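Here the sequence shown is numbered in the numbering used here, starting from 57 and rising by one per residue. Positions of the beta carbon are idealized from the N, C-alpha and C atoms, including for glycine. Remember, predicted model here, so these are calculated numbers, not experimental data.
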Amino acid sequence: MRFLSASLIAFLLLNPLFKNFKKEIKKPVLVYLEDNSKSLKAKDSSWIKPYIDQRDQMINNLEEKYEVKKFEFGNETKQDFSNFYNQSKSNPYAALEYVADVLDVQNLKAVILHSDGIYNSGRNPLYHPLLKMAPVYTVLHGDTVPEKDLSIQRIYNNEIIYSGDKFSIQVDLQAHHAANEKFLFQIFKVEGTQVKKLHESTELIKSNPFFVAKEVLLEASSVGLQRYKVVTSTIQGERNTKNNQRDLFIEVLDAKKKVLIYALSPHPDLSALKDAMISNKNYDVSIKYFPEALTNVDQYTLAIFHQLPGANAQISSTIQLLNSFKIPAVFVVGNQTDIVALNAIQDAVQISGNTKNQNESQAVVNSAFSLFTMSDPLQSSIVKYPPLSVPFGNFKIDPTTSTFLYQKIGKVETNYPLWIFQDKAGQKTCLIMGEGLWKWRMADFINSNSFLNFNELVSKTLLYVASKDDKRKFRVSQSKKLYEESEPILFTGELYNDSYEKINEAEVKLDLISKDRKNYSYSLGKKDNYYELNIGTLPAGEYSYKASTTWNKKAHSAEGIFGVEAIDMESNNLLADHNLLRNMSDQSGGTSYNMSTITALEAQLQQDNTSKPIIYQHLDIKPLLNEKILFFIIALLLLVEWFLRRFWGSY
Numbered sequence: 057m058r059f060l061s062a063s064l065i066a067f068l069l070l071n072p073l074f075k076n077f078k079k080e081i082k083k084p085v086l087v088y089l090e091d092n093s094k095s096l097k098a099k100d101s102s103w104i105k106p107y108i109d110q111r112d113q114m115i116n117n118l119e120e121k122y123e124v125k126k127f128e129f130g131n132e133t134k135q136d137f138s139n140f141y142n143q144s145k146s147n148p149y150a151a152l153e154y155v156a157d158v159l160d161v162q163n164l165k166a167v168i169l170h171s172d173g174i175y176n177s178g179r180n181p182l183y184h185p186l187l188k189m190a191p192v193y194t195v196l197h198g199d200t201v202p203e204k205d206l207s208i209q210r211i212y213n214n215e216i217i218y219s220g221d222k223f224s225i226q227v228d229l230q231a232h233h234a235a236n237e238k239f240l241f242q243i244f245k246v247e248g249t250q251v252k253k254l255h256e257s258t259e260l261i262k263s264n265p266f267f268v269a270k271e272v273l274l275e276a277s278s279v280g281l282q283r284y285k286v287v288t289s290t291i292q293g294e295r296n297t298k299n300n301q302r303d304l305f306i307e308v309l310d311a312k313k314k315v316l317i318y319a320l321s322p323h324p325d326l327s328a329l330k331d332a333m334i335s336n337k338n339y340d341v342s343i344k345y346f347p348e349a350l351t352n353v354d355q356y357t358l359a360i361f362h363q364l365p366g367a368n369a370q371i372s373s374t375i376q377l378l379n380s381f382k383i384p385a386v387f388v389v390g391n392q393t394d395i396v397a398l399n400a401i402q403d404a405v406q407i408s409g410n411t412k413n414q415n416e417s418q419a420v421v422n423s424a425f426s427l428f429t430m431s432d433p434l435q436s437s438i439v440k441y442p443p444l445s446v447p448f449g450n451f452k453i454d455p456t457t458s459t460f461l462y463q464k465i466g467k468v469e470t471n472y473p474l475w476i477f478q479d480k481a482g483q484k485t486c487l488i489m490g491e492g493l494w495k496w497r498m499a500d501f502i503n504s505n506s507f508l509n510f511n512e513l514v515s516k517t518l519l520y521v522a523s524k525d526d527k528r529k530f531r532v533s534q535s536k537k538l539y540e541e542s543e544p545i546l547f548t549g550e551l552y553n554d555s556y557e558k559i560n561e562a563e564v565k566l567d568l569i570s571k572d573r574k575n576y577s578y579s580l581g582k583k584d585n586y587y588e589l590n591i592g593t594l595p596a597g598e599y600s601y602k603a604s605t606t607w608n609k610k611a612h613s614a615e616g617i618f619g620v621e622a623i624d625m626e627s628n629n630l631l632a633d634h635n636l637l638r639n640m641s642d643q644s645g646g647t648s649y650n651m652s653t654i655t656a657l658e659a660q661l662q663q664d665n666t667s668k669p670i671i672y673q674h675l676d677i678k679p680l681l682n683e684k685i686l687f688f689i690i691a692l693l694l695l696v697e698w699f700l701r702r703f704w705g706s707y
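Spelled out as structure tokens, the structure:
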């Protein structure tokens, strides 16, 4: 036995390899896609139980041949079936996309799609590439015969307006089989339990089918989140009345931000800046020229000085007046700017040398800049913009500044500032060291057929300069003020200590109050150095919240409001689109079946000779040293030898 053990050990020292062939049998994959939207049971729900029983039995039978993957789609796509048929949207394109992402489509043999063909979200599923990879067998659901119906199809409105402004609401109305009938069209404003009628008109349905876009002009009188209700009266014989009213929310802000552009003389830069600002309806821009007197300076949120101060246009008294009201300033330096006077009224950048000459300087983005973020298209566009005319000289930068763009003169990248910010004692200043911004705007349009990148650059600059530092030690915020019923609602909280460092040691409570005064209490979860709470979806309506915490024996609180809109797209259209489903089957090589012939679908799939299991053979090579049983055998041999010698008296 000693010889056998030694031989086995010597053999293993040669590190022999062990080959093992493994077989894996995979059934062909069959996907069952179930439309889980409301429209399937809007007219009738008696079909649900018999259909589910028949469907589940069919799947059980098919699982002998296929690996069946079950999915349902509505607001989103999920695995398995809930059988609720309660989703407010239908997006079959996204469902096919989900299937293509999570499954190995090479082994996908067929897709069964049970739907009424109505989609109200996403792209047309007829053009999804999955239809070229596997046949789609459609189970046709719903009624294709139009019923008598009057519906609100869509509402177009601005989500944000300003107090005192007039704004329009466009409502698209549609009717079927109701020619020559009349109905009332009304708009109400809802404030708690109070409902105020803002508009009423009698409309005539002139044809079949009938469509009209009604536009109503309203005035924003109250600040805050405002709720409106659009209603049409029902017509005789109409069964679906859920689509006869819609709610919408509009956020009314207190006032626009007023921006002053004060210029030495007319210049194309002025129009470029103004056009970029008024693309955002948040700004009210006025242009004035030196020496026009400035009145009511305190009404301005921000002042932009173009080529001021000039040689004979001093503005030191104007700057002092702005500083007294803590109004931030932006200086656009040009070839008519008095550099000595500019150095005297600000200390962000001091320019010296022969400043009467000009350099042509392109922009280089400072990778360390962090005051605000830029989109990728803007970042790639800036470096391609034509050069600005910048004063020649040396630039001395104050330590309180942050350089956004550096100058590139010819092919040399310098550390001279081209676009720079300063925040001193809570008052912000920006200096743009060259004129010719209009060229950037035109280059943006030539390169991208839009002004979006230049507008973003101006908007981000002014937004930062005009922003006030938030010194609150406790803040709770949301990404938006208006949600759809299907959207999860997320809160983010921040707590700061006396050194304004983020902490999350204290517990944070949040009370949510609905318009009918129902109260819901939550606790915000701790995430790294902040707080987060996802309360899921809420019913349509207006909500307010109050978050509170105690830190270092001091109580802190934060409040806010938001609205949830009832977006029930499924009720707008209950007319099944079987043509779409048939086209999907025809295009993919599948077949369409009615609900009553679903057993024929099962028979076709069972008889499909092309759907066969795939056998995968894997060659597994590994050293015999990895087989632990060999070491147990060697140990056993040595142990038996020891025992026998002991028993026979050899030891």
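Exposure of residue i, with buried meaning 16 or more beta-carbon neighbours within 10 Å
| i | result |
| --- | --- |
| F699 | exposed |
| R497 | buried |
| D303 | buried |
| F77 | exposed |
| D500 | buried |
| A332 | buried |
| S372 | exposed |
| I671 | exposed |
| N131 | buried |
| R283 | buried |
| K94 | buried |
| K610 | exposed |
| P384 | buried |
| S102 | exposed |
Cutoff 8 Å; reference residue i; Cβ partners in own chain excluding five residues on either side
| i | result |
| --- | --- |
| S342 | K314, V315, L316, I317 |
| A400 | S372 |
| K602 | L566, D567, I569, S613, A614, E615 |
| L657 | M114, I168, Y193, V195, T647, Y649 |
Whether residue i touches residue j by CB criterion (8 Å)
| i | j | result |
| --- | --- | --- |
| I173 | N147 | Reading the sequence as shown, one finds Gly at residue 173 and not Ile. No, they are not a contact pair. |
| E540 | A98 | no |
| E491 | N368 | no |
| R638 | S652 | no |
| R531 | E550 | yes |
| F451 | F477 | no |
| L513 | N296 | no |
| E90 | E128 | yes |
| D525 | D454 | no |
| K582 | N560 | yes |
| T548 | E598 | no |
| L378 | A319 | no |
| L86 | G619 | no |
Sequence-distant residues of the same chain with beta carbon closer than 7 Å to residue i, five excluded per side
| i | result |
| --- | --- |
| T3 | There is simply no residue 3 to check, as the chain begins at 57 and stops at 707 in what is shown. |
| I690 | S61, L64, I65 |
Chain D contact for residue i (CB, 8 Å cutoff)
| i | result |
| --- | --- |
| L661 | Reference to chain D is not applicable here, since this structure consists of a single protein chain. |
Residues of its chain near residue i, where Cβ-Cβ distance is below 6 Å and the 5 sequence neighbours each way are ignored
| i | result |
| --- | --- |
| S600 | I569, I617 |
| A622 | D303, E541, A596 |
| A231 | L206, I261, F266 |
| K222 | L273, E275 |
| Y149 | G178, R179, P181, H184 |
| Q643 | L187 |
| D340 | K312, K314 |
| W475 | F460, L461, I488 |
| V709 | The displayed coordinates of the chain run from 57 to 707. Any statement about residue 709 would go beyond what the structure contains. |
| V246 | R283, K285 |
Contact belief for residue i with residue j at Cβ below 8 Å, rounded distance in angstroms
| i | j | result |
| --- | --- | --- |
| L693 | L60 | 6 Å |
| V521 | K484 | 5 Å |
| A659 | T200 | Contact flag wrong, Cβ pair sits at about 25 Å. |
| K537 | E307 | 5 Å |
| V279 | S219 | 5 Å |
| E361 | V388 | A small fix is needed here, since residue 361 is Phe in this sequence, not Glu. Correct: roughly 7 Å between the Cβ atoms. |
| Y122 | K82 | About 11 Å; that fails the 8 Å criterion. |
| F448 | N415 | 5 Å |
Would you list, in sequence order, the uninterrupted beta strand (DSSP E) runs of no fewer than 3 residues that lie entirely inside the segment 205-263?
205-212, 216-218, 222-232, 238-247, 250-260
Restricting to runs no shorter than 3 residues, where is the beta strand (DSSP E) found entirely within the segment 612-671?
648-650
In chain order, which continuous runs of the beta strand (DSSP E) of length 3 or greater are located wholly inside the segment 149-174?
164-171
Just list the beta strand (DSSP E) runs in the segment 468-492, keeping only unbroken ones of 3 residues or longer that don't cross its boundaries, in chain order.
468-480, 483-488
Counting only runs that start and end within the segment 261-293, where is the beta strand (DSSP E) found for 3 or more residues in a row?
266-275, 280-288
Could I get the ranges of all uninterrupted alpha helix (DSSP H) runs contained in the segment 306-349, with 4 residues as the minimum, in chain order?
324-334
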